[in-house]
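Note that our numbering has the sequence shown beginning at 44, numbered continuously upward. Just so it is clear, CB atoms sit at the ideal spot from N, CA and C, and this is done for glycine as well. Just so we're clear, the structure is a prediction, and the values are computed from it rather than from any experiment. Below: one structure, written as structure tokens.
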Amino acid sequence: MEYLILNLARILRDSGISVGTQEVSDCLHLLNLIDKKDLDNYHFYNIVNATMIKTEWGTNYIQWLVELYFEPDEEITGNRLLELSRRVSSVSGEGLGSSGQGLPVDLMINAVLKNDLALIYAMVKSLNLELSLLLENRQEALNDFKQRSGWLEVNQMVENSFREGRISEEEYASAQESLNEWSILLQETIEAQLVKNMSREHLTEIMKKNNPKYLKFTEADSRQQAQISREVEKLGRKLAVKKGRRRKPGKNGTISLNRSLKKAIQTGGILMELVKMQTKPSKPDLWLVCDMSNSVKRFSYFMLMFIYTIQKRFTNIRTFIFVDMLLEVTDFFKEQEWDKALNSLSTLKGFNLTGYSHYGNVLHQFNDTYRTCLNRKTTVLILGDAKNNRNRIDGSDVLSQIKESAAALYWLNPISEDLWYSDDCVMENYIKGCSAVYHCSNLEQLERFIADVF
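And the structure:
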């Protein structure tokens, strides 16, 4: 058991999760308190999560790691899945896909329409799909598995049934969800086989890719988006109760030796009173300028979610969105709950006339209309990829004026730094006009920005 836990801890650390000796000690101590006869797999995964990962997604994450690296776990599948596997192997029917692997078409369609994920799992596992050495990448492997497992044929039948009115919209939506889960299962099967064939470094790469802290905001699927949303809100709540960095004299706090000695000078060098410094909540104004073009819209969504989760830390928040024109949406957020406002931003008009981002127009519009409203308590935060679509005017000439009128101007860019100086991205023109720029494409990088600025 000790070897397993230590091995898991090393892999978790490599994948970006902070696991120290205390967490390992707590996990081993708790496991030793439980009779091995009572320690089933569900309890094991929950204990590892509670002591080492400590997130709501951690239980599934550790189960996935164990099944991926230490062979599939028979107990965790439960009797129902084993029973379903036997049922699948005993049923004869029309084969699916070009390989004719023998899965019954009626059973497959029924499972997809009823969203019976357990049956889909059992059917896919019964095929014992193996990677072909001739396939060059994961997408080819996934397409191959989709064909051999019958996914492509079932998907086409669902589309035809919906188009011909033989299934309702609700049944179609349920089928799409099932097909998505089926596809994810095939991807996980591919990853598991790659791990068996490759090195520990490859496992670490896969683990990082599935760690919500390292998932790119702009590339997450629907399930991963939900995980990231919960982590963003949790990070926001944590920061919301954190004290500011400013300090002032007070009755409580830490002793300031410098101030105490200065005060002693007033009494002839005799130290009559110790001066204590306490943290003072810092509540600046925050102005958000968010690119809502398709390439970075999801990134702006998560950042807006984060800022409005910590809105109590600010005296005032003003929010602007843009594609090729600037639109203030501060009142839109004030008139309703911030989460509802976020989900209905796309219904607004006046910020997207052409469908192509134009930073030059937007920055000049901001400078001409709003710069005089800035003050030394205002922090401006620009969220965007700086892709100006080859427009001659990029607005870099007014960016420094905006910065000088505010306390600070920060730019968060979600695309990789090596792309800042290529194609239609003009980020290099904006760097000098900002207090600081940050590459921010995932939660881990967002936490770094927070540590530097807040």
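Status (buried if at least 16 other CB within 10 Å, exposed otherwise) for residue i
| i | result |
| --- | --- |
| VAL496 | exposed |
| CYS416 | exposed |
| TYR85 | exposed |
| TYR46 | exposed |
| LEU229 | buried |
| ILE77 | exposed |
| ARG491 | exposed |
| SER61 | exposed |
| THR297 | exposed |
| ASP334 | buried |
| SER221 | buried |
| LEU82 | exposed |
| SER484 | buried |
| ALA479 | exposed |
| GLU117 | Only weak support is given to the placement of GLU117: the predicted model assigns it a pLDDT of 47, under 50, and the value that follows is read from those uncertain coordinates. It is exposed - the Cβ of GLU117 has fewer than 16 other Cβ atoms within 10 Å. |
| ARG266 | exposed |
| ARG206 | exposed |
CA nearest to the CA of residue i, picked from the options
| i | options | result |
| --- | --- | --- |
| PHE349 | LEU391, MET315, LYS80 and LYS277 | LYS277 |
| GLU231 | GLN268, ILE271 and GLN182 | GLN182 |
| ALA52 | TRP225, ALA165, THR247 and GLU471 | THR247 |
| LYS189 | GLY208, ILE163 and ARG206 | ILE163 |
| GLY403 | LYS79, ASN434, ASN485 and LEU388 | ASN434 |
| GLU460 | GLY427, ASN253, GLU490 and GLY438 | GLY427 |
| SER465 | ALA429, GLU487 and HIS482 | ALA429 |
| HIS72 | ILE48, SER58 and ASP57 | ILE48 |
| CYS477 | SER68, ARG491, LEU388 and ILE425 | ILE425 |
| SER397 | ASN337, LEU452, ILE353 and TRP381 | The sequence given here places Thr at residue 397; Ser does not occur at that position. Out of ASN337, LEU452, ILE353 and TRP381, ASN337 has the C-alpha closest to the C-alpha of THR397. |
| LEU55 | LEU82, ASP78, LYS80 and GLN106 | GLN106 |
| THR65 | ILE77, GLY279, GLU262 and MET95 | Here the sequence assigns Gln to residue 65, which means Thr is not the residue at that position. It is MET95. |
| LEU160 | ASN180, MET315, ASN223 and LEU282 | ASN223 |
| LYS340 | SER389, GLU212, TRP454 and GLU490 | SER389 |
| LYS326 | TYR344, LEU282 and LEU347 | LEU282 |
| GLN270 | GLU371, PHE345 and GLU214 | PHE345 |
| ILE227 | ALA263, ARG206 and TYR215 | ALA263 |
| ILE152 | GLU110, GLN199, ASN180 and ASN186 | GLN199 |
| ASP2 | SER448, TYR399, ARG266 and ASN171 | The structure shown does not extend to residue 2, since the chain is modelled only from 44 to 497, so the question has no answer here. |
| LYS383 | ARG356, TYR351, TYR413 and VAL67 | TYR351 |
| ILE458 | GLY311, LEU258 and ARG266 | LEU258 |
| ASP87 | GLY63, ARG280, MET44 and ARG206 | Position check: residue 87 holds Phe in this sequence, whereas Asp was assumed. If we check each option's Cα against that of PHE87, MET44 comes out closest. |
| GLY279 | ASN171, LYS79 and LEU489 | LEU489 |
| ASP57 | GLU447, LYS446 and ILE249 | ILE249 |
CB contact flag (residue i, residue j, <8 Å)
| i | j | result |
| --- | --- | --- |
| THR373 | THR358 | no |
| GLN444 | ASN410 | yes |
| VAL366 | ASN395 | yes |
| VAL167 | SER204 | no |
| GLY59 | LYS305 | no |
| ALA307 | LEU300 | no |
| LYS475 | ALA450 | no |
| PRO255 | LEU486 | yes |
| PHE342 | THR261 | yes |
| GLU99 | ARG273 | yes |
| TYR104 | ASN253 | yes |
| TYR481 | TYR453 | yes |
| LEU391 | PHE375 | yes |
Beta-carbon proximity list for residue i, same chain, < 8 Å, skipping 5 on both sides
| i | result |
| --- | --- |
| ARG302 | PRO292, VAL318 and MET320 |
| ILE210 | LEU156, VAL201, SER204 and ALA218 |
| ARG123 | Bear in mind that a pLDDT of 43 at ARG123, under 50, signals an unreliable position, so the model cannot answer this. |
| TRP463 | ALA429, ASN456, MET470 and GLU471 |
| HIS407 | ILE436, GLY438 and VAL441 |
| VAL405 | VAL332, PHE365, ASP367, MET368, LEU369 and GLY438 |
| GLN268 | ARG341 |
Residues of its chain near residue i, where Cβ-Cβ distance is below 7 Å and the 5 sequence neighbours each way are ignored
| i | result |
| --- | --- |
| ASP437 | TYR402, GLY403, ASN431, VAL469 and ASN472 |
| LEU174 | ALA184, ILE233 and GLN236 |
| GLY101 | ASN92 |
| ILE493 | LEU282 |
| ASN158 | SER217, GLU220 and SER221 |
| ILE90 | CYS70, LEU73 and LEU74 |
| GLY393 | MET368 and LEU370 |
Own chain, CB closer than 6 Å to residue i, minus 5 neighbours either side, in chain order
| i | result |
| --- | --- |
| ILE360 | LEU329 and GLN354 |
| GLU371 | PHE363 |
| VAL275 | PHE345, MET348 and PHE349 |
| TYR215 | PHE205 |
| SER448 | ARG414 and LEU417 |
Item checked: Runs of beta strand (DSSP E) lying entirely within the segment 300-384, each at least 3 residues, in chain order -> Taking only runs of at least 3 residues, the beta strand (DSSP E) segments lying wholly in the segment 300-384 are 319-323, 328-334, 359-365 and 369-371.
Check: Taking the runs of the beta strand (DSSP E) that are 3 residues or longer, which of them lie wholly in the segment 160-222?
Finding: Annotation: the segment 160-222 contains no complete segment of the beta strand (DSSP E) (minimum length 3 residues).
Notebook entry, point to check: Which full runs of the beta strand (DSSP E) of 3+ residues lie inside the segment 250-277, going along the chain?
Noted result: Under the rule that a run must span 3 or more residues, no beta strand (DSSP E) segment is found entirely inside the segment 250-277.
Next item on the list: Can you check the segment 413-449 for any alpha helix (DSSP H) of at least 4 residues that lies completely inside it and give the ranges in chain order?
Entry: Within the segment 413-449, the complete alpha helix (DSSP H) runs of at least 4 residues fall at 439-448.
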